[in-house]
Each structure stands twice: as structure tokens, then as C-alpha cells.
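S.K.: Following this message is one structure expressed as C-alpha cells.
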Amino acid sequence: MIDRSAVVTRSWIGGDGGYDIQKEEDQRRGIQRIDWDVDHEIVRAQPFFSYVVHDAVARAGHGVRLADLVRDWSVFLCEGYDTFGECWGWGTPVHCWSSTPSRDLIVHVLGLSPDLPGFERVRIAPRPGPLGEVAGVAPTPYGLVEVEISGEQAVVSSPVPVHFVDPTGRSHRLAAGKHRVPMRRAQTLTERTPGNPCA
2 MIDRSAVVTR SWIGGDGGYD IQKEEDQRRG IQRIDWDVDH EIVRAQPFFS
52 YVVHDAVARA GHGVRLADLV RDWSVFLCEG YDTFGECWGW GTPVHCWSST
102 PSRDLIVHVL GLSPDLPGFE RVRIAPRPGP LGEVAGVAPT PYGLVEVEIS
152 GEQAVVSSPV PVHFVDPTGR SHRLAAGKHR VPMRRAQTLT ERTPGNPCA
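Quick note on this note's numbering: the sequence shown kicks off at 2 and runs consecutively.
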């Protein structure tokens with residue numbers, strides 16, 4: 002699902018991402034065509050479903066890849082737009098269902114999630130991948146949890162106790178408050194995704 006050489010872009014009304022009049026006409030008649038190599042290629046998830054792919058990537062232990070994967074959304078940020086579009090290569094320029102990076106940067110890259118029900122304790126398991134610096138804030142019923150990563154150090158400010166797990170799996174239990182935590186980075190090979198084609 003993340004091997005670029007095996008992924009093709011298709012949509013239910015477009016060809017390889019753009020509108021395709023012939024495909025629309027075929028579909029009106031009930032004709033569905035498979036025009037990719039089903040033995041070696043897979044159809045890329047559209048933006049609204051990419052969170053499922055990203056969750057699977059994280060569960061498979063490749064969370065460090067997510068910082069690069071969300072760069073795909075940079076294709077929407079061109080020609081004056083500051084919103085995420087409907088689908089890859091076609092559709093309207095503003096769709097909240099395409100805001101996967103907003104969630105995944107917090108949940109997977111910063112690694113913020115409840116460690117106990119109701120955020121009685123927060124789990125912070127950052128996977129910044131190639132990002133040298135990254136920071137963010139997430140709300141809890143007890144106040145804001147802040148995480149700032151710079152190099153191999155994380156600064157955490159939390160109103161609740163923290164279970165911090167660095168990218169190598171090393172675990173720290175921290176009291177509520179502000180802490181500087183040394184953070185080893187896991188060695189990983191990343192495949193850079195294309196940047197903004199409008200730049």
C-alpha cells in the first residue's frame with residue numbers, strides 16, 4: 002500500500018485521477034473495467050480513506066513513514082488554495098473528509114493518544130521519521146497536552162501523567178507537568194514522497 006512502484010490512482014468516475022467521460026458513460030451502463038495489473042498493482046486509497054492505510058502502516062510498525070506519506074496532500078496546496086481537495090487529481094478543492102493529515106500528524110507523528118480511558122493518563126509515542134523538528138498540541142478533558150520534538154529531545158507538557166515511548170521502544174513514566182525527555186530515533190529507510198508540484 003505504500004510501495005510507490007505498485008500503486009495506481011483510479012477513481013469511481015475518473016480514469017487515472019482526472020475526469021474520464023468514457024468511464025462515466027461505461028459506468029452508467031454498468032460496465033466496470035480493470036485497467037491495471039491486478040497481480041502487481043493496487044489502487045491507491047483516496048484522501049478520505051487514507052487514514053485507514055495510515056493506521057495500518059502504524060500498526061505494522063512503520064509509523065516513521067507517516068511524516069512522508071502525509072506530504073501527498075501538498076498537491077492540494079497550490080494555486081492559492083489552503084484546503085484539502087476531494088480526491089487525487091479531480092474534484093472540488095475543499096473537503097473536510099480529506100483532512101487525514103490533521104489527525105495523523107497528532108495521532109501518529111506526535112503519537113498522542115489516551116493511555117487510560119478519559120485521558121486519565123496520556124500516551125506519547127512520537128514517530129517523527131525524517132522530520133528534525135515537530136510540535137503540536139492536543140486537547141484533553143484536563144487541559145492541553147503539548148509535545149515539541151527537536152533532534153533527539155522531546156519537551157512534553159501535560160496536565161495528566163504521561164507514558165512516553167520513544168521510536169526505539171524505550172518507555173518512560175512521567176508525572177503531570179513539563180519534562181525534557183531524551184529521545185532516540187529509530188533507524189529507518191524512508192521513501193520520500195513527491196513534494197508540491199505547484200511550487
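We put the beta carbon where it would ideally sit given N, CA and C, even for glycine. Here the structure is a predicted model, which means the values were calculated and not measured.
Of all the options His109, Asp83, Gly90, which has the alpha carbon lying nearest to the alpha carbon of Cys97?
M.R.: Checked all of His109, Asp83, Gly90; the closest Cα to Cys97 is Asp83.
S.K.: Tell me whether Cys199 is buried or exposed, calling it buried when 16 or more other Cβ atoms sit within 10 Å of its Cβ.
M.R.: Per-residue confidence for Cys199 stands at a pLDDT of 48, beneath the threshold of 50, marking its modelled position as unreliable; no derived number is given.
S.K.: How long is the line joining the alpha carbons of Arg45 and Leu106, rounded to whole angstroms?
M.R.: One C-alpha to the other measures close to 20 Å.
S.K.: Under a Cβ-count criterion, where at least 16 other Cβ atoms within 10 Å of its own Cβ denotes burial, should Gly81 be classed as buried or exposed?
M.R.: Exposed, because fewer than 16 other Cβ atoms sit within 10 Å of the Cβ of Gly81.
S.K.: Tell me, please, whether the stretch 119 to 135 touches the stretch 148 to 162 by the rule of three or more beta-carbon pairs shorter than 8 Å.
M.R.: Judged by Cβ distances under 8 Å, the stretch 119 to 135 makes contact with the stretch 148 to 162, as three or more pairs qualify.
S.K.: Measuring only the C-alpha atoms, how far is Val8 from Glu87?
M.R.: Straight-line Cα distance between these residues: approximately 19 Å.
S.K.: Quick check: the Cα distance between Thr194 and Gln23, rounded to an integer number of angstroms?
M.R.: Its pLDDT being 46, under 50, Thr194 is placed unreliably in this model, and the value from its coordinates should be taken loosely. Looking at the two C-alpha atoms, the distance is approximately 31 Å.
S.K.: Going by C-alpha to C-alpha distance, which of Val53, Gly119, Met184, Glu25 sits closest to Leu67?
M.R.: The shortest Cα separation from Leu67 among Val53, Gly119, Met184, Glu25 belongs to Val53.
S.K.: How would you label Gln47, buried or exposed, when you count the other beta carbons within 10 angstroms and need 16 or more for buried?
M.R.: Gln47 should be labelled buried.
S.K.: If Gly62 and Thr10 are in contact, beta carbons under 8 Å, what's the gap, nearest whole angstrom?
M.R.: Contact flag wrong, Cβ pair sits at about 26 Å.
S.K.: What do you reckon, are the CB atoms on Arg171 and Arg185 nearer than 8 Å?
M.R.: Against a cut-off of 8 Å, the Cβ pair of Arg185 and Arg171 comes out as a contact.
S.K.: Ends of the alpha helix (DSSP H) at Pro102?
M.R.: Note, Pro102: alpha helix (DSSP H), 101 to 105.
S.K.: Val54 lies in the alpha helix (DSSP H); which residues open and close that run?
M.R.: From DSSP, the alpha helix (DSSP H) with Val54 extends over 51 to 60.
S.K.: Leu67 lies in the alpha helix (DSSP H); which residues open and close that run?
M.R.: Start and end: 67 to 70.
S.K.: Just the C-alpha distance for Ile43 and Gly144, rounded to the nearest angstrom, thanks.
M.R.: Taking the straight line joining both Cα atoms gives about 42 Å.
S.K.: Please go through the same chain and pick out, in chain order, the residues whose beta-carbon is closer than 8 Å to the beta-carbon of Gln33, but skip the five residues on each side of it.
M.R.: Counting only Cβ-Cβ distances below 8 Å, and skipping sequence neighbours, we find Asp27.
S.K.: Is Val65 near Gly130, with beta carbons less than 8 Å apart?
M.R.: It is a contact, given that the beta carbons lie within the stated cut-off.
S.K.: With a CB to CB cut of under 7 Å and the five nearest residues on each side skipped, what residues in its chain are close to Phe120?
M.R.: Excluding residues within five positions, the ones whose Cβ falls inside 7 Å are Thr141, Pro142, Tyr143, Val161.
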